[in-house]
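Asker: Have a look at this one.
Numbering (our numbering), first residue to last: 173 to 228.
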C-alpha cells in the first residue's frame, strides 16, 4: 500500500473540522446540529482517505 501526502487544503479543512468538533464536544458551540464526536470522526476519516487516495 502506497500512501501519498494530502493536499494542503484537505489538511487544513480537516484540522478546522476537528477543532470545531472539539469545541462542540466541550459545549462551546451549542448551535451545531451534529455531535462533536462525529465531527472529529469525520475529520479523521477524510484525512485517512486523503492518505490513501492520490490527489485528494
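Cβ atoms here follow ideal geometry from the backbone N, Cα and C, with glycine treated the same way. All values derive from a computational prediction rather than experimental measurement.
So, using beta-carbon positions, are residue 186 and residue 215 closer together than 7 Å?
Answerer: The residue labelled residue 186 in the question sits at position 14 within the chain shown. The residue labelled residue 215 in the question sits at position 43 within the chain shown. Yes.
Asker: Using the Cα positions of residue 205 and residue 198, report the straight-line distance between them to the nearest angstrom.
Answerer: Translated into the one-based positions of the chain shown, residue 205 becomes position 33. Translated into the one-based positions of the chain shown, residue 198 becomes position 26. The alpha-carbon atoms of residue 205 and residue 198 are separated by roughly 14 Å.
Asker: Compare the C-alpha of residue 193 against each of 209, 179, 202 and name the closest.
Answerer: Start at 1 with the first residue of the chain shown, and residue 193 comes out as number 21. Comparing Cα positions, the closest option is 209.
Asker: In chain order, what residues of the same chain have a beta carbon less than 8 Å from the beta carbon of residue 190, not counting five sequence neighbours either side?
Answerer: Within the chain shown, residue 190 is the residue found at index 18, counting from 1. These residues qualify, in order along the chain: 211, 212, 215, 216.
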